[in-house]
Structure formats: C-alpha cells, structure tokens
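*Asks:* Structure in structure tokens, see below.
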Amino acid sequence: MLKPSLSEAKKRTNKEVLTKSFEYTNLDNLKELGKNKKYFIRTYGCQMNEHDTENIKAILEDMSYTETDDYEEANLIILNTCAIRENVHNKVFGMLGRIKNLKERKDDVIAAVCGCMAQEEVVVNEILEKYNYLDLVFGTHNIGNLPKLLEKAVSKKEIEIEVISGEGSVLENLPVKRDSKYKAWVNIMFGCDKFCTYCIVPYTRGKQRSRNKDNIIEEVNELVEKGYSEVTLLGQNVNAYGKDLNENYGLAELLKDVAKTNIKRIRFVTSHPWDFTDEMIEIIKSHENIMPYIHLPIQSGSTKILQKMGRKYSKEEYLTLFDKLKNNIKNVSITTDIIVGFPGESEEDFNETIEVVEKCKFDSAFTFAFSARVGTPAYKMKDTIDDDVKKQRLNKLNQVVNKYAKVANDKYLGKTVEVLLEKESLKEGFLSGYTDTMKLVNVEADKSMLGKIVSVYITDVKTWSLNGELRS
Ligand code: SAH
Ligand code: SF4
Ligand code: F3S
C-alpha cells in the first residue's frame, strides 16, 4: 500500500525530471484479463483529466476490456476524479454509494478511484475508513502502472492503493483512445508550480514538467497524418511552457513550430496572465491556424483579493493585457474563470469584479464559489464568507456574465463563420461544432459532413450557442 502524503506533495526540489517511455511489461499474460469483460469509466475533471481517461481506455482495451456506458453492466468501474472543489467530492462519494450497492448485488465487480482526489491524503484516509469495499485506488502519477495494479486488484481481497506524491516525471508513449476523430488533446506540460493559495492542483499533479518539444511536434504530425483537423495544447499554465527546461524555447516558439505542421486548427489552454508575452501575441496574430480564442482566468477583479490568492498580477495589469490581446488579435474571443467568496472578499471587492466583467464583456466565464481545499494556504484563512453570501454573489455575477455572453454572440448574427463539424446534435438531422473563436454552432447537415470545416451563415443567436445554415 502506497498512500499519498500531503507533505511530500508540497515539496519542490531541483531534481532533474525524468522522461520515461511507457512500455507494457508482461502484456501477454495480462491480455486476457479483460476478456468478455466490460469497463465503465466516468471523468469528473478538467481537459487533462479527460485526456488521462483517453489513456486509461486504451490501456484497458489493450487488455481486452470493452467499454460500456452503463455502470450496472460493468465488471470494472473506474472513477477518474477531480479535487478542485468540494461539490465534485460529493458527486464522487455519492457514486461510491451506488457502487457499493451494485457490488452487493453482483459478484465480479472491480471498482477503482483514480485522478486528483486519489492524490489527497484526506480522501484516501476516508476511503480506507468508509469505502474500503473499493478494490483499487491509483494516483495521477501511477497510470503507467495500471495493468499491473489491475492484475493485483483482481486477484486480491483487500483494497490495493498506489499513489505516489512526488514531483512527477514525464511519461511518453502512453496508448490513447481518443474520443474524437477530428480534434485531439495534446499535453505540453504537466503539474503546476504557481501555488495560487486556493488551489489544490500543485499538490495533486506535481511540479511543472514541460514535455520535450520534439515529442510534442511528433505527436501533432502523427495526428495530421491520421486526418485530425484540430489540436488543443494542454497544461495548467501553457504560457509557462519550457521555463523548466531552460532551453530558451517557450510557448511562442512551440506555437510557431506546431503551426508549421499544417494542422488546421491550434488551440491552447489554460493561459495564466502572468506569463503572457508580446512575442506570444505576435505569433498568435500572425498564424492563420492558431485560433483567436484565449481562456484567460482573472479569478477576481480586486487587486487586494488577487494578492491574497497569490495570482501575482493586479487588476490593472490584467486589464492592460486584456486590451493588448483585443487590440492585436483580430476578432479574438476571450473567456475567463472567476471565484467569488474568497476569504476576506468584501462587498466592494466583489463589486470590483462585477465592474471588470462589465468592462471586459467576456465572451463567457466559468464562475465558482470559493471552496476551501485541505492543505492549501486559503484553507486556513480567516474572514470566511457565508455560504448564503457566496450564493448571492455567484447569482449576481452569473447574470452579468450571461448578459455579455449573449452580447458577444449577437455580433455573429448575419455573419458567415467557419465551423469544424464534430458531432451529431441532439436535434435529428443537425450537426454541431465550434467556430475558430470557440462558439458552439448547430447546423442542418448530413452526417457525411462530420470532420469537415464548413462555412455557416448564422441565422439565430442564443446565449450559449448559434444556429446557422450551410453556405458553400
Ligand atoms: N490552471 C488554471 C486553472 C485550473 S482550475 C489557471 O490557473 O487559470 C480551474 C478553475 O477552477 C480555476 O481557474 C479557478 O477559477 C477554479 N478553482 C480552483 N480552485 C478553486 C477553489 N478552491 N474554489 C473555487 N474555485 C476554484
Ligand atoms: Fe491552480 Fe493557480 Fe496552478 Fe492554475 S495556476 S493550476 S489556479 S495553482
Ligand atoms: Fe480537477 Fe485535477 Fe484537473 S483537481 S481540475 S482534475 S488537474
């Protein structure tokens, strides 16, 4: 049993990051493990978590498991969890209750928890106390060991726990079963060293480790060859890409090189305002295949609160960067993340956040009530805000955010936009996809058009989507 340790997770050293190549050991013996068995996996977290799920699926299928979307008929249930806010914990623990029930009714069910919650010492202690009917818990650094861990979990009565809390390495060549045939996630870095005072990610994902640029470009080239049209470069702080490698090669250079692969669309998330350079703006604006869409979390409009959050920029610095992006990148769409109810947030601080939203008129924003995470500095901060007040502030903020989301979408009425058709819509005979600026568009089109980038004339505008007609 290898349990997570918060004190280990907090450590940062100058130790060199190892890049390893994933290889199956003993696959011949494990190949039959999932024969005639089904797996169900649910993902609770961010894009990186979703991409981990794509790796886990491929490993399971190499072991002959087949996927089901009904957990009741699965022989293997995996919950790939997120630790960012308490409400995700509640959902996961609720699901664990249903799994207990299923295990009582059905033999031969293996249940596993992985992802960021598995990295939390408090969570694993709770699992051992109250949910020890689980078979396996493995951490974000342990995915490469999944075949062996499953073999143990299947043959053993007690719960198997393997969670490393170290700074982490870089694991190349993991197999992947991508959800889409048209767009793909590509990790460019792992972990985070920013330690914003509210955030648990630096403890669940380890230190910042950038992938070697050649491996990234090779992956994108392979995707182009397979017919993919879009890649999203992933990291908690993509703008800090390369800082840990000391090779004078950062996101600007990487974007430039990825653009040369001739993939049709390049996106990148998430950008931290702290590391956004003029050079990056120059590269984005001068490449047709780098999309004019930037997710730029502000978190708060009050410099006092930003300081307490450890974000290392002021309201004014954020606004200056925001204006620079708007003025330089044609038609750029900018979205953000905002937390309300951080400890010490006064009514004036909150009003400053509203003012900034009024000023920036974000294309959209993800808004959250502050959730205290064990082990983070903000967990121990005084002047906590009542839940009622948090809720009121969140409601008020959402109204303003929604108003401007509609204003931003209204600009598309009567315009023709390029859309990558990627899915069938809920509405029969319709397909959906995104514009270069990340607007969701529904359009009547035949299924044979999936995967194509088409021109769509926008006829109708809603707060969260656009409707249109195909134009040739
Ligand atoms: N790396 C990204 C954010 C990843 S987490 C960045 O730095 O911008 C996604 C969002 O969740 C954050 O931007 C923040 O708005 C929110 N979040 C993180 N921790 C939170 C907490 N403890 N309570 C509420 N929201 C939180
Ligand atoms: Fe969390 Fe801050 Fe790192 Fe984003 S930059 S993952 S909010 S610590
Ligand atoms: Fe959640 Fe972990 Fe992502 S905490 S937001 S799944 S990095």
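Numbering (the working numbering), first residue to last: 44 to 515. Yeah, the Cβ is synthetic: ideal placement off N, Cα and C, and Gly gets one too. This structure is a prediction, so every number in the text was calculated from the model and none was measured.
(1) Quick one: give me the first and last residue of the beta strand (DSSP E) that Phe393 is part of.
(2) Measuring from the CB of Tyr455, is there a heavy atom of the ligand SAH at a distance below 7 angstroms?
(3) Figure out for me which residue from Lys347, Leu364, Ile397 has the closest Cα to the Cα of Pro386.
(4) Just the residues with CB closer than 6 angstroms to a heavy atom of the ligand SF4, in chain order, which are they?
(5) Can you name the start and end residues of the alpha helix (DSSP H) that Ala154 belongs to?
(6) Nearest-angstrom Cα distance between Asp105 and Ile153?
(7) Taking 7 angstroms as the cut-off, is the beta-carbon of Ile207 closer than that to any non-hydrogen atom of the ligand F3S?
(8) Just to confirm my understanding: we take Arg514, look at its own chain, exclude 5 residues before and 5 after, and list those with CB closer than 6 angstroms. What are they?
(9) According to DSSP, is Val497 helix, strand or coil?
(10) Beta-carbon within less than 7 angstroms of Tyr356's beta-carbon, same chain only, minus the 5 sequence neighbours each way: which residues are those?
(11) Can we count Ile428 as close to the ligand SAH, meaning its CB is less than 7 angstroms from some heavy atom?
(12) Roughly how far, in whole angstroms, is the beta-carbon of Glu388 from the beta-carbon of Ile324, given that I think they are within contact range, below 8 angstroms?
(13) Mind checking whether the beta-carbon of Ser414 lies closer than 7 angstroms to any heavy atom of the ligand SAH?
(14) Short of 8 angstroms in beta carbon distance, which residues of its chain neighbour Lys81, apart from the five on each side in sequence? Order them along the chain.
(15) Just to confirm, are Leu177 and Ile202 a CB contact at a threshold of 8 angstroms?
(16) Note down, in chain order, each residue of its chain lying with its Cβ closer than 8 angstroms to the Cβ of Lys58, except the 5 sequence neighbours on either side.
(17) Evaluate Lys226 with the Cβ neighbour count: other Cβ atoms within 10 Å of its Cβ, from every protein chain shown; 16 or more gives buried, anything less gives exposed.
(18) Helix, strand or coil for Asp380? Go by DSSP, reduced to three states.
(19) Under 7 angstroms Cβ to Cβ from Glu51, same chain only, skipping five residues before and after it: list those, please.
(20) Have a look at Ile381, Asn282, Asn332 and flag the residue whose alpha-carbon is nearest the alpha-carbon of Asp321.
(21) Closest to His184 by C-alpha separation, out of Glu390, Ala421, Thr247, would be which residue?
(22) Let me make sure I understand the geometry here. Which of Pro335, Arg354, Met334, Tyr336 has the alpha-carbon closest to that of Gln342?
(23) Considering Ile84, what are the terminal residues of the beta strand (DSSP E) in which it resides?
(24) Identify which residue in Ile381, Leu298, Asp406 has its Cα closest to the Cα of Glu395.
*Replies:* Taking the definition as stated:
(1) No beta strand (DSSP E) holds Phe393; the alpha helix (DSSP H) holding it covers 390–403.
(2) no
(3) Lys347
(4) Cys235, Lys237, Phe238, Cys239, Cys242, Val244, Pro245, Gln279, Asn280, His315
(5) Taken as a continuous stretch (DSSP letters only), Ala154 belongs to no alpha helix (DSSP H), being part of the beta strand (DSSP E) at 153–158.
(6) 18 angstroms
(7) no
(8) Thr459, Ser498, Tyr500
(9) strand
(10) Pro316, Trp317, Leu349
(11) Flag unset: Cβ of Ile428 not near the ligand SAH.
(12) Rounded, the Cβ-Cβ distance is 31 angstroms, inconsistent with contact.
(13) Yes; taking the cut-off as 7 angstroms, the Cβ of Ser414 has a heavy atom of the ligand SAH nearer than that.
(14) These residues qualify, in order along the chain: Tyr108, Thr109, Glu110, Thr111, Glu116, Ala117, Asn118, Leu119.
(15) yes
(16) Glu210
(17) Under this definition Lys226 is a buried residue.
(18) Secondary structure at Asp380: strand, using DSSP grouped into helix, strand and coil.
(19) Ser208, Gly209
(20) Asn282
(21) Thr247
(22) Comparing Cα positions, the closest option is Arg354.
(23) 81–86
(24) Ile381
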